[in-house]
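Protein chains in written order, with the working numbering: chain Y, 1325 to 1436; chain L, 1325 to 1436. We put the beta carbon where it would ideally sit given N, CA and C, even for glycine. In what follows, a single structure is set out as structure tokens and then discussed.
Protein chains: 2
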Amino acid sequence: MVAPRPPISIYCEHYQAVIELIGRRWMGAILRVLMSDEPRRFNEVLAAIPGLSDRLLTERLRELTEHEIVERVPAPDISPIAIQYRLTNSGRDLEVVVRAISAWARRWRGGP
Amino acid sequence: MVAPRPPISIYCEHYQAVIELIGRRWMGAILRVLMSDEPRRFNEVLAAIPGLSDRLLTERLRELTEHEIVERVPAPDISPIAIQYRLTNSGRDLEVVVRAISAWARRWRGGP
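Encoded structure:
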């Protein structure tokens, strides 16, 4: 006879939304670039990630901005249209998640 | 004049593969169910996650097994075909990642 099991009731929509957001194609790489100290220009982020297209970076930055993980700030330029992207406070707080995933990759997949 | 910036060279394919794997639709929820102590049957995992289809659970478990994050073990049944799913050592080591994302969701999205 099989013993009764405790019910599983650990579903959490907030957790699921976050893991699926940061797991979208290129999102993890974009977050990692923005973890650097300074705000970054669009073209800097693009140049840092091999294979990422202009179109997808635009879409991902839009999603991150909508979720208040990234914000747009004026670039220190003469041009009035120059902007940069930087993490918000909640975005910066994702650093522990990025570090945990990086550490796992190092341990089990041989990452740097 | 804009000061020169340090080059960004923090791209890591292993990290990116992991974050995109665990961020696939329903994957985070499935991992969370399997973080429970005992191995789980297919139908238990299915029942624990509202909205998850039979077909997608099959696909996700196949992917997790291929990546050696989940393994199939015999169920303690009379039936010789009954199997269960449990995390491997590397899968269990993802717990710190799952906990970090859950904690972030709690802080910034009001999760439980």
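{"Check": "When R1431(Y), Q1408(Y) and R1433(Y) are compared against E1368(Y), the one with the closest alpha-carbon", "Outcome": "Q1408(Y)"}
{"Check": "Short-range partners of chain L found in the stretch 1370-1393 of chain Y, where Cβ spacing is below 7 Å", "Outcome": "A1372, I1373 and P1374"}
{"Check": "Buried or exposed (CB count within 10 angstroms, at least 16 for buried), P1363(L)", "Outcome": "buried"}
{"Check": "Helix, strand or coil at I1407(Y) [DSSP, three-state]", "Outcome": "strand"}
{"Check": "For P1398(Y): DSSP bridge partner residues", "Outcome": "I1407(Y)"}
{"Check": "Exposed unless 16 or more other CB atoms sit within 10 angstroms - verdict on G1352(Y)", "Outcome": "buried"}
{"Check": "Buried or exposed by the 16-neighbour rule on C-beta atoms within 10 Å, applied to A1406(Y)", "Outcome": "exposed"}
{"Check": "Contact belief for R1349(Y) with L1380(Y) at Cβ below 8 Å, rounded distance in angstroms", "Outcome": "7 Å"}
{"Check": "Listed by chain order, chain Y residues near S1426(L) by CB distance under 8 Å", "Outcome": "C1336 and Y1339"}
{"Check": "Those residues which DSSP pairs with R1423(Y) across a bridge", "Outcome": "DSSP lists no partner for R1423(Y)."}
{"Check": "Test item: CB-CB of G1347(Y) and G1347(L) under 7 Å", "Outcome": "yes"}
{"Check": "L1385(Y) to A1341(Y) span [Cα, whole Å]", "Outcome": "17 Å"}
{"Check": "Within 7 Å, strictly: CB atoms of W1432(Y) and V1421(L)", "Outcome": "no"}
{"Check": "Alpha helix (DSSP H) segment containing D1361(L), residue limits", "Outcome": "Where D1361(L) is concerned, there is no enclosing alpha helix (DSSP H), given that its DSSP letter is neither H nor E."}
{"Check": "Option in R1365(Y), E1344(Y) and E1419(Y) with minimal Cα separation from D1401(Y)", "Outcome": "R1365(Y)"}
{"Check": "Limits of the unbroken alpha helix (DSSP H) element including H1391(L)", "Outcome": "Looking at the DSSP string, H1391(L) is not in any alpha helix (DSSP H), and its letter there is neither H nor E."}
{"Check": "Three-way DSSP call (helix, strand, coil) for R1348(Y) in this model", "Outcome": "coil"}
{"Check": "Positions along the stretch 1400-1417 of chain Y whose CB lies within less than 8 Å of some CB in chain L", "Outcome": "P1400, D1401, S1414 and D1417"}
{"Check": "Members of the stretch 1348-1360 of chain L near chain Y, C-beta cut-off 9 Å", "Outcome": "R1348, R1349, W1350, M1351, G1352, A1353, L1355, R1356, V1357, M1359 and S1360"}
{"Check": "Reduced DSSP secondary structure (H/G/I, E/B, other) of G1375(L)", "Outcome": "coil"}
{"Check": "CA-to-CA distance, S1403(Y) to I1373(Y), given in whole angstroms", "Outcome": "25 Å"}
{"Check": "Rounded Cβ spacing between R1410(L) and E1395(L) (contact assumed at less than 8 Å)", "Outcome": "6 Å"}
{"Check": "Any C-beta of chain L under 7 Å from that of R1433(Y)", "Outcome": "yes"}
{"Check": "Rounded distance between the beta-carbons of L1388(Y) and D1378(Y), thought under 8 Å", "Outcome": "About 16 Å; that fails the 8 Å criterion."}
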